[in-house]
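**Q**
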Amino acid sequence: MKTWFHSWRAAIRIARRDAWRAKGRSALVLAMIALPILGVSAFDLTFRSSELSPAEKVDRTIGAADARFRDADMAGVPILQDPEGEMGVPARIREDEQWPSGATDVTRAIPAGSTVLTDRVGSAKLTTAHGLLMTEVRELKASDPVARGIMPLLEGRYPEKNDEVMATSHFLETSGLSIGSTLSARNFEHPYRIVGSYELPDTLRTDQVNALPDAFLAPYAKAVEKAGLPAPDSSVSYLVRKPGGFTWNAVQEINTKGVLVASRAVLLAPPADADVPLYQRGNWGDYGAGPADRAAELAAVATVVGLAMLEICLLAGPAFAVGARRSRRQLGLVGANGGARSHIRAIVLSGGLVIGIAAAVIGTVLAVALTLALQPLLEQAMGQRFGAFDVRPLEILAIALLAVLTGLLAAIVPAVTASRQSVLSSLTGRRGVRRNSRVLPVVGLVAVLLGGAVALLGSLVTEQVALVAAGSALAELGVVAMTPALVGLFGRSGRWLPLSPRLALRDAVRNRGRTAPAVAAVLAAVAGTVAVSTYMASREAENRAAYQPTLPYGVAAAFVREEGGRDVPAVREAVQRYLPVDLRADVDRVSVGKPGCSLWGEGPGCGRFEVVVPPANECPMYASVPGGGDPAERFTPEQRRKMLTEDWRCKEDDGGGVYVDGGLLIGDAKLLQVLGVDDPGAVKALADGKVVTFDRAQIDAKGTVGLKQITDTAAADKAMEEGRPVPGKVSSVPAYLVPGDEQSYGVQALMTPAAAKAAGLSTVPLGVYADTDRLPDSEQRQKLDGEIAKLGSDVELHLEQGFVNEYGIVLLSLAIFAGLVTIGAAGIATGLAQADAEADLKTLAAVGAPPRVRRTLSGFQCGVVAAMGVVLGSAAGLLPAVGLRLTEERDQLRYHEMSVAEGWSADTAPPDLPIVVPWETLGLLLVAVPLGAALLAALVTRSRGAVARRAAT
């Protein structure tokens, strides 16, 4: 070892030989380092492979075309667009001016001599092997070379006739159909034969059927209109190929005709932001992450990587210490033959280097192999196909170097400790005198205080989550640095313990060099678990306090708002059959125009209705004013606040409930019973043909409620924009106001079918309310969901189960993770303790100690390490959780103060965010985990050690 190179070469050979001899320990450390490398490398490969290049994106969106043209729906006025062709705004418009709306003829903007493919997309309820399925229908000649890459064919062939279609593989799987099957649509019995299957590379889970242009959507729309229903909407775009393509200047020229263009040339070579007129407008621009956002992301990634490396080093460090301790005679021989302390350090560090390199190679190779092998599963999970399998050598090398660096860092402390041993102590097996550093605890205490101050500053002053996270991380590192001193404090409790735990505790205190890293590793894992658990438990308490039921407990409601309630009878029957229904109330809704009109009155011959609020009952803050504008701006904040607190017309309604169109339902007294409204007066009013209302503002001075039928929706919309009364026919119906503050769960008014008919209102079925005698079990819910799925309708199903904790499984998973890390770290420390205490155990056996002492001592050694780490980690984990909750409270308090100051809130009580300690999780960590670690260590420890001769001293 005369030169640096030769000394390290020899050290690496010795370390490689030792690692091969201690295969179990080496495999454990290698796995601890390689598994994170495997995960990070696999994530990098998956992310980079799924990150498409501009050329790959273009091929999937516009195929082999040069551009996709589509209507901006702005009545053909000149527009400004972004380079991607996804967003457009009118080129000349004032801030307070309404945007134009209307279609334009896109084909007039297509240059002469271009090759054009029409791409039209609509939807239909298609017949399947199980019933009906709402499916996207796309009319595009997929066999044309211009469309190559948009819809890759998987099996079969492209459609060639008007009665042929092909379907996505996901549709075939969902529908139970296959190539050769026939399908049709509801209200359209024309059969289509499936001749092929394809996929959409960017959306693998899309249910879509492809037909030739004008082969499906046009005849389907005619059949639907013939059935009395509004024709379904569809969107159309045009794939255009032109020699020379479309430059950014050409795109801007086409924009003057109100057409958006996604150009291949522009997407592959986008213009600078300064050359995009849209980005030069105020409040418009490139919304990508800025330098500050990227810096914050890099800081977050660096923090996570640093903490992960720290955890691995704390776990792997004791394992290297075990190897160094068991090789101390060998290291002593190196010193006896002229080796310097640097050579001893090199040998131990080489152990970390060898394991780190092996972990890097194995983790990287496995990451590449597993990513390739699992690529189909990853693509299905992500819902998109990869582009090219993208391996970034520099990124993979950087991840691999992290493994090497982690191995070296884990071996530093054992290397320094081994080099400080005298040659005589190493050869005779004596431990020597160990002195603990007095500087490290002081540094740790300073870090704890500084980190706590930074976290409090971030939560109480600046309200920055980054400061809270940084301060918490610094404080946790400080606690890690203080761990040896804290372990010494734990030793003072040994005087009250029985023999075996007292020996285990004193052994841990005397040998802090091996105890502290294991305790710190447990501390770090438990601190993270406690922090997340406390935060989630606090959020759960906040959500529970703010929870508002949509229906009375155990009540179910199912609504069908499309096709004039055609599937409502089937839904009612399914609810009655599969739920434990105690009382059922069928409800209808008011329909204006044709029976098949949509809820919002869209389409020719369709309208809508509204419950008229008399002008005297309107809140002045919300009453429309001539010329439009915000009426609340006419009042000062004090006036607004006074109206919210004193004017009954302006009081906020926090009732919640399910959505009911216009707040009016058509039903009978059963609905009142289901909703828990116990009012004989309301039942009598329904029998007398009156409207039962829960809203005082709906009743005019004559004691009636006005129901307005609006047939001209365009005129109504224009009147609303201008602040004028909406034109329509008003029917006045006698009303009854339910006294008190009865909870109506979204229902503002109720009238019987006879009363609605007498008022000249047409009705269609809407759905059902059902009161159950008990909550349905999982099997009943699955059967109901399956029956509803067969209908292919958009059914809104609500079942009130009360507040449901969403975080329970997460908290249990975190506790299990922390428990596994704790047991692993404590087990490593126990193995090191057994290596140190072998001579003591032999002495105990020689003086007559029973064999079980060996087991109990091993169990208590493991339990002591686990208990100390769990206690310290539980205390350290509360800081970040409390800091984050205080930050959220300050943020809500600021918003609350602003709302009160501006007069938008009548609630002067400040928000109070609860901070809840998850005692169940803490109990599991503080009791079950150390106990489990102790029992496991006792079970795997042999009662009798190997017979050996005691070395002479």
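Numbering (the numbering used here), first residue to last: 50 to 1002.
Just so it is clear, CB atoms sit at the ideal spot from N, CA and C, and this is done for glycine as well.
On a predicted model such as this, the values are computed, not experimentally measured, just so you know.
Measuring alpha carbon to alpha carbon, tell me which residue in Val258, Asp822, Ala71 and Ala452 is nearest Val723.
**A** Residue Asp822 is the option with its Cα nearest to Val723.
**Q** Within the same chain, show all residues whose beta-carbon is closer than 7 Å to that of Gly401, passing over the 5 residues directly before and after it, in chain order.
**A** The residues are Phe369, Gly456, Leu457, Ala459 and Ala460.
**Q** Excluding the 5 residues preceding and the 5 following Lys643 in the sequence, name in chain order all residues of the same chain whose CB lies nearer than 7 Å to its CB.
**A** Correct list, in chain order: Gly277, Gly654 and Cys655.
**Q** List in chain order: all unbroken beta strand (DSSP E) runs of 3+ residues lying wholly within the region 235-280.
**A** You should have 237-247 and 257-260.
**Q** With a CB to CB cut of under 8 Å and the five nearest residues on each side skipped, what residues in its chain are close to Leu79?
**A** Contacts found: Ile404, Ala407, Ala408 and Ile411.
**Q** I think Asp120 touches Val308, with their Cβ atoms under 8 Å apart; what is that distance to the nearest whole Å?
**A** Yes, Asp120 and Val308 are in contact; Cβ-Cβ is about 7 Å, under 8 Å.
**Q** Do Ala590 and Pro963 count as a contact pair if the criterion is CB distance below 8 Å?
**A** Their beta carbons are under 8 Å apart, which means Pro963 touches Ala590 by this criterion.
**Q** Under 8 Å, do Leu95 and Ala124 count as touching if we go by C-beta distance?
**A** Looking at the sequence provided, one finds Thr at residue 95 rather than Leu. Cβ atoms of Thr95 and Ala124: not closer than 8 Å.
**Q** Do the region 285-302 and the region 84-93 make contact, defined as three or more Cβ pairs closer than 8 Å?
**A** No, the region 285-302 is not in contact with the region 84-93.
**Q** Tell me, please, which residues DSSP counts as bridged to Gly603.
**A** According to DSSP, which records beta bridges pairwise, Gly603 is partnered with nothing at all.
**Q** Can the beta-carbon of Thr252 be found closer than 8 Å to that of Pro127?
**A** No, these two residues do not count as a Cβ contact at 8 Å.
**Q** Assign Val488 to one of two classes, buried (16 or more other C-beta atoms within 10 Å of its C-beta) or exposed (fewer than that).
**A** So Val488 ends up on the exposed side.
**Q** Just to confirm the assignment, what range does the alpha helix (DSSP H) spanning Met1045 have?
**A** The displayed coordinates of the chain run from 50 to 1002. Any statement about residue 1045 would go beyond what the structure contains.
**Q** Of the choices Arg434, Leu421 and Gln433, whose alpha-carbon is the least far from that of Val440?
**A** Selected option, being the one with the closest Cα: Leu421.
**Q** Name the residue from Val397, Ser192 and Lys733 whose alpha carbon lies nearest to the alpha carbon of Ala60.
**A** Among Val397, Ser192 and Lys733, the Cα nearest to that of Ala60 belongs to Val397.
**Q** Going by DSSP in three states, Cys911 sits in which element: helix, strand or coil?
**A** The answer is helix: DSSP assigns Cys911 an H, G or I state.
**Q** Across which residues does DSSP place Thr176 in a beta bridge pair?
**A** DSSP lists Leu181 as partners of Thr176.
**Q** Whose C-alpha, out of Leu226, Ala519 and Tyr794, is nearest the C-alpha of Pro929?
**A** Among Leu226, Ala519 and Tyr794, the Cα nearest to that of Pro929 belongs to Ala519.
**Q** Output yes or no for whether 8 Å exceeds the beta carbon distance between Val726 and Ala734.
**A** No. Outside cutoff.
**Q** Going by DSSP, what residue range makes up the alpha helix (DSSP H) through Thr762?
**A** Taken as a continuous stretch (DSSP letters only), the alpha helix (DSSP H) holding Thr762 covers Thr762 to Glu771.
**Q** How would you label Leu988, buried or exposed, when you count the other beta carbons within 10 angstroms and need 16 or more for buried?
**A** Label assigned to Leu988: exposed.
**Q** To the nearest angstrom, how far is it from the Cα of Asp710 to the Cα of Ala798?
**A** One C-alpha to the other measures close to 11 Å.
**Q** Quick check: the Cα distance between Val482 and Leu509, rounded to an integer number of angstroms?
**A** Bear in mind that the predicted position of Val482 carries a pLDDT of just 48, short of 50, making it unreliable; the figure below should be weighed with that in mind. Near 47 Å, if we compare the C-alpha coordinates of Leu509 and Val482.
**Q** Near Tyr287, what residues of its chain come up, given a Cβ to Cβ distance below 8 Å and the 5 sequence neighbours on each side ignored?
**A** Taken in chain order, the residues that qualify are Arg117, Phe118, Arg119, Val155, Thr156, Ile159, Val165, Leu166, Thr167 and Asp168.
**Q** If you check the beta carbons only, do Ala925 and Leu572 fall under 8 Å apart?
**A** Result yes, Cβ atoms of Ala925 and Leu572 sit closer than 8 Å.
**Q** Quick check: the Cα distance between Thr1002 and Ala389, rounded to an integer number of angstroms?
**A** Only weak support exists for where Thr1002 lies, its pLDDT of 45 falling under 50; the value from the coordinates is given anyway. Cα to Cα, the separation comes out at about 25 Å.
**Q** Assuming Thr812 and Asp635 make a contact with CB atoms under 8 Å, what is their CB distance in whole Å?
**A** Actually they do not touch by this definition, with Cβ atoms about 11 Å apart.
**Q** Use the C-beta contact count for Ala502: other C-beta atoms within 10 angstroms, 16 or more gives buried, fewer gives exposed.
**A** Ala502 is exposed by the Cβ-count criterion.
**Q** Which whole-angstrom value is the C-beta distance of Gly180 and Leu840, which I expect to be below 8 Å?
**A** Gly180 to Leu840, Cβ: 6 Å. Contact.
**Q** Would you list the residues sitting across from Val310 in a DSSP beta bridge?
**A** Phe118, per the DSSP bridge assignment.
**Q** Apart from the five residues on each side of it in sequence, which residues of its chain come closer than 7 Å, Cβ to Cβ, to Tyr627?
**A** Around Tyr627: Gln829, Lys832, Leu833 and Glu836.
**Q** Just to confirm, are Pro669 and Pro680 a CB contact at a threshold of 8 Å?
**A** Contact flag set, yes.
**Q** How far does the beta strand (DSSP E) with Ser1003 in it reach, from first residue to last?
**A** For the chain, the structure presents residues 50 to 1002; residue 1003 sits outside this window and is missing.
**Q** In this structure, does DSSP put Val482 in helix, strand or coil?
**A** Because the pLDDT at Val482 is just 48, under 50, the model does not fix this residue reliably, and the value given afterwards should be weighed accordingly. If DSSP states are grouped into helix, strand and coil, Val482 belongs with coil.
**Q** Would you mind sorting Ser1006 into buried or exposed? The rule is 16 or more other CB atoms within 10 Å of its CB.
**A** Because residue 1006 is not part of the residues shown, which for the chain are 50 to 1002, the question remains open.
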